[in-house]
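Below is one structure, written out as structure tokens; the observations come after it.
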Amino acid sequence: MADDAAPSGPARRAQGVLRLGRHAFPPERPVIMGIVNRTPDSFFRPGLTWDESAAMDRVHQIIAEGADIIDVGGVPAAPGADVDAEEEILRIAAFIALIRTAYPDIVISVDTWRHEVGLAACEAGADLINDSWGGFDERLAEVAAEFGTGLVCAHAGPQRPRTRPFRVAYSDVMADVLDQTLRLARRAIAVGVRPDRISIDAAHDFGKNTWHSLEITRRLNEMTETGWPVLVSLSNKDFVGETLNLPPEQRLAGTLAATSICAWQGARIFRVHQVAESRQVVDMVSAIRGDRPPARAIRGLA
Amino acid sequence: MITAAALCPAPPLLARELTGADPVVPELRQACLDAGAALLRSQPGVVAVVGAAKPTRAWDGEARLDLSAYAPGLTGPAGGPALPLPLGLGGRLLDQAGYCGPRLLHSVGDDEPAQTCAALGAQLAAADARVALLVMADGCARRGIKAPGYLDERCADFDAEVERAVRSGELGALLALDAELARDLMATGRPAWQVLAGALNGQRLTTDIRYSDDPFGVAYLVASLGDAADH
Chain A
0 MADDAAPSGP ARRAQGVLRL GRHAFPPERP VIMGIVNRTP DSFFRPGLTW DESAAMDRVH
60 QIIAEGADII DVGGVPAAPG ADVDAEEEIL RIAAFIALIR TAYPDIVISV DTWRHEVGLA
120 ACEAGADLIN DSWGGFDERL AEVAAEFGTG LVCAHAGPQR PRTRPFRVAY SDVMADVLDQ
180 TLRLARRAIA VGVRPDRISI DAAHDFGKNT WHSLEITRRL NEMTETGWPV LVSLSNKDFV
240 GETLNLPPEQ RLAGTLAATS ICAWQGARIF RVHQVAESRQ VVDMVSAIRG DRPPARAIRG
300 LA
Chain B
0 MITAAALCPA PPLLARELTG ADPVVPELRQ ACLDAGAALL RSQPGVVAVV GAAKPTRAWD
60 GEARLDLSAY APGLTGPAGG PALPLPLGLG GRLLDQAGYC GPRLLHSVGD DEPAQTCAAL
120 GAQLAAADAR VALLVMADGC ARRGIKAPGY LDERCADFDA EVERAVRSGE LGALLALDAE
180 LARDLMATGR PAWQVLAGAL NGQRLTTDIR YSDDPFGVAY LVASLGDAAD H
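Protein chains in written order, with numbering that gives the first Met the number 0: chain A, 0 to 301; chain B, 0 to 230.
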């Protein structure tokens with residue numbers, strides 16, 4: 000029935016290896032991307048890692064907790080004080096170089112929509128461009144191609160960077176997500192980004208109300224069935240807060256519930272604030288799926 | 000007649016794939032592999048494997064271990080009947096030792112009296128001029144408060160008695176083990192030990208204890224019995 004209803008839908012493809020930096024992540028290996036914000040005003044724990052040494056301490060901590068990727072951002076997603084490209088580069092490039100020196104092998108990601116920033120980040124050692132505003136600056140993909148880095152192709156709907164959704168409406172939000180992210184992925188390949196370094200992201204909350212974000216969570220399998228590695232960024236977001244009527248600092252349980260649902264449907268990259276808890280959730284779901292053995296099984300077997 | 004015998008426990012966790020990422024008991028597995036290798040150095044014409052499981056019967060020598068009942072994600076052998084766990088694990092030890100010769104696989108029920116077990120042992124011993132016997136048998140499973148059967152202090156004496164009989168080579172003592180007490184103490188190996196005693200029927204072999212411990216509250220004993228030169 001579903002196939003009849005959507006004859007032109009994307010073909011099902013098997014997941015393949017995702018290459019980022021020096022790493023090759025097989026489909027069954029969940030990847031945790033830990034967030035490090037170089038901002039004074041992000042929504043979750045604002046200013047926590049504005050100071051460089053605090054930011055580096057957090058890098059040490061989240062790597063110890065199991066992060067595979069460090070995602071460095073210099074501009075909050077929400078509207079606020081203007082941060083131009085020059086200031087954004089000041090916030091992130093030297094810091095990325097510091098991480099690279101301390102951790103030659105860790106995957107470093109830059110969360111930006113601007114190609115100038117992407118360029119500076121790649122020169123400093125970034126392995127992945129997390130274009131969370133969905134191809135707003137088309138030249139960002141060209142930077143990824145030039146440096147051989149990865150690219151996240153996200154769905155921001157009709158939103159421009161740092162704007163909030165205003166009465167946004169979709170006839171079918173998942174269809175729109177698939178349409179935009181797959182178009183961005185095709186375009187990335189066309190400009191020379193290596194296909195095994197591309198992932199797609201429904202971008203919860205971006206250009207979406209809470210009902211939309213719940214729907215894409217529920218239907219995430221439609222993204223994983225395309226064969227592209229799916230990144231989910233759920234961490235403490237407003238759709239969790241509105242669903243549970245809780246402020247940002249009380250959204251961990253809701254975040255982890257959504258994380259497990261996405262992991263169950265085959266999401267592979269999890270962009271998170273709380274690395275240790277997220278690692279446990281994705282490893283647990285991975286074992287339930289049968290992708291990963293228990294760490295140590297003795298019960299009933301002795 | 001019996002040219003050599005080996006004694007190994009048969010917990011599911013002897014199968015490496017059941018313990019997950021952690022090998023958990025590598026030294027136990029190695030002791031069993033060593034016992035299997037020593038058994039084959041006796042150059043047997045046939046290897047008989049015996050383990051406790053209902054009902055008492057012979058099994059197809061081509062049949063193999065099936066772990067799917069313990070971990071549904073694992074697939075069993077393609078076709079053929081699934082062996083009871085002790086026989087499957089014993090057969091795998093023979094595979095791991097590279098044994099390709101004939102095998103006799105026999106289960107023995109925990110309701111069989113000692114004399115029936117001993118008679119089965121004698122029957123297996125008579126199967127060839129050179130029979131190697133692999134006995135898959137576990138001691139008490141109530142050896143501590145974390146043990147599968149909690150703590151029963153009678154286990155210490157029971158398992159010590161079994162080990163003493165094996166170590167000394169006076170296996171006739173195994174025929175005196177009380178079946179009801181063994182059941183109480185969850186010592187599932189009782190009928191298999193008695194098969195061993197019946198197979199040797201007073202014949203003395205030297206014993207090498209390779210492992211004796213209870214890391215999870217179940218007594219595991221690994222031993223090789225044979226001519227000292229073969230150990």
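Note that CB positions come from ideal geometry on N, CA and C, so glycine has one too.
Just so it is clear, the structure is predicted and the values come from calculations on it, not from any experiment.
Residue from E221/A, F146/A and E87/A whose Cα sits closest to the Cα of D171/A = That would be E221/A, whose Cα lies nearest to the Cα of D171/A.
task = Measure the C-alpha to C-alpha separation of A51/B and R28/A and round it to an integer number of angstroms.
result = Rounded to the nearest angstrom, the two C-alpha atoms are 40 Å apart.
request  = Take V45/B as the anchor and find which of I1/B, A9/B, R63/B and A36/B has the nearest alpha-carbon.
outcome  = Cα-wise, what sits closest to V45/B is I1/B.
query = With a CB to CB cut of under 6 Å and the five nearest residues on each side skipped, what residues in its chain are close to G265/A?
reply = Hits under 6 Å: T223.
8 Å contact criterion, which G147/A and I128/A should meet: CB distance rounded = Between I128/A and G147/A the Cβ distance is about 11 Å, and since that is not below 8 Å, they are no contact.
key: Residues that P293/A contacts on chain B, provided the C-beta gap is smaller than 9 Å   = Within chain B, the residues near P293/A are T18, G19, A20 and D21.
request  = Check whether the Cβ of F157/B lies closer than 7 Å to any Cβ atom in chain A.
outcome  = Chain A, which has no Cβ nearer than 7 Å to the Cβ of F157/B, makes this no.
inquiry  = For a quick check, are the C-beta atoms of S108/A and I61/A less than 7 Å apart?
reply    = In this structure, S108/A keeps its C-beta atom at 7 Å or more from the C-beta atom of I61/A.
query = Taking Cβ positions only, does M0/A come closer than 7 Å to chain B?
reply = Confidence at M0/A is low in this model, with a pLDDT of 35, below 50, so its placement is unreliable and no value can be given for it.
inquiry  = Just checking: is the beta-carbon of V48/B within a distance shorter than 7 Å of some beta-carbon in chain A?
reply    = Among the residues facing chain A, V48/B is not included, as its CB has no counterpart in that chain under 7 Å away.
query = Between Q29/B and D94/B, what straight-line distance do the alpha-carbon atoms span, to the nearest angstrom?
reply = Distance between the alpha carbons of Q29/B and D94/B: 14 Å.
key: Spatially closest choice to A53/A from F43/A, N36/A and I287/A, by CA coordinates   = Sorting F43/A, N36/A and I287/A by C-alpha distance to the C-alpha of A53/A places N36/A at the top.
Where the alpha helix (DSSP H) containing A286/A begins and where it ends = Run containing A286/A: V274 to R288, per the alpha helix (DSSP H) assignment.
request  = Could you check the C-alpha separation between G20/A and P103/A for me, to the nearest Å?
outcome  = Taking the straight line joining both Cα atoms gives about 10 Å.
query = Taking Cβ positions only, does L19/A come closer than 7 Å to chain B?
reply = No, its Cβ sits nowhere closer than 7 Å to a Cβ of chain B.
task = Tell me, to the nearest whole angstrom, how far the beta carbon of L300/A is from that of L17/B; I am working on the premise that it is less than 8 Å.
result = L300/A to L17/B, Cβ: 6 Å. Contact.
request  = Using alpha carbons as the reference points, say which of R159/A, E122/A, E145/A and T100/A lies closest to D136/A.
outcome  = Looking at R159/A, E122/A, E145/A and T100/A, the one whose alpha-carbon comes closest to that of D136/A is R159/A.
Minimum Cβ-Cβ distance from L150/B to chain A less than 7 Å = Closer than 7 Å to the CB of L150/B there is not a single CB belonging to chain A.
Test: P112/B CB closer than 7 Å to a CB of chain A = Chain A, which has no Cβ nearer than 7 Å to the Cβ of P112/B, makes this no.
query = Roughly how many angstroms lie between the CA atoms of A257/A and A178/B, to the nearest whole one?
reply = Cα to Cα, A257/A sits roughly 54 Å from A178/B.
query = First and last residue of the alpha helix (DSSP H) that includes G87/B?
reply = Where G87/B is concerned, the enclosing alpha helix (DSSP H) stretches over L84 to Q95.
request  = May I ask which residues mark the beginning and end of the alpha helix (DSSP H) holding M222/A?
outcome  = Segment N220 to T223, the alpha helix (DSSP H) holding M222/A.
query = Residue ranges of each beta strand (DSSP E) run of no fewer than 3 residues wholly in the segment 100-174 of chain A, ordered along the chain?
reply = Within the segment 100-174 of chain A, the complete beta strand (DSSP E) runs of at least 3 residues are 106-110, 127-130 and 149-153.
query = Can the beta-carbon of V151/A be found less than 7 Å from the beta-carbon of H22/A?
reply = With respect to H22/A, V151/A sits apart: the two C-beta atoms are not nearer than 7 Å.
For D3/A, the three-state DSSP class (helix, strand or coil) = Residue placement at D3/A cannot be trusted, given a pLDDT of 41 that sits under 50; what the coordinates show is reported in the next sentence. Helix at D3/A.
message = With a threshold of 7 Å between beta-carbons, can P10/B be considered close to chain A, or not?
response = Yes - at least one Cβ of chain A is within 7 Å of the one on P10/B.
query = Between the C-alpha atoms of L82/B and R63/B, what's the straight-line distance to the nearest angstrom?
reply = Using only the alpha carbons, I get a separation of about 6 Å.
ask   = Taking Cβ positions, are V107/B and C99/B nearer each other than 7 Å?
value = No, the pair does not count as a contact, with Cβ atoms beyond the cut-off.
query = Using the beta-carbon of each residue, which ones in chain A are nearer than 8 Å to V217/B?
reply = Listed by position along chain A, the residues whose Cβ is nearer than 8 Å to that of V217/B are A301.
ask   = Checking contacts by CB at 7 Å: is G87/B closer than that to chain A?
value = G87/B does not count as touching chain A.
query = Per DSSP, D207/B is paired with what?
reply = Paired residues: S223/B.
request  = Examine chain A for any beta-carbon lying closer than 7 Å to the beta-carbon of Y210/B, and answer yes or no.
outcome  = Chain A contact via Cβ: absent.
key: Where D175/A falls, given that 16 or more other Cβ within 10 Å makes a residue buried   = By the neighbour-count criterion, in which a residue is buried when 16 or more other Cβ atoms sit within 10 angstroms of its Cβ, D175/A is buried.
request  = Would you mind sorting R209/B into buried or exposed? The rule is 16 or more other CB atoms within 10 Å of its CB.
outcome  = For R209/B, the number of other beta carbons within 10 angstroms of its own is at least 16, and it is reported as buried.
request  = Compute the distance between the beta-carbons of G225/B and A34/B, then report whether it is under 7 Å.
outcome  = No, the Cβ-Cβ distance between G225/B and A34/B is not below 7 Å.
request  = Note down the Cα distance separating D207/B from V161/B, rounded to an integer number of angstroms.
outcome  = Rounded to the nearest angstrom, the two C-alpha atoms are 14 Å apart.
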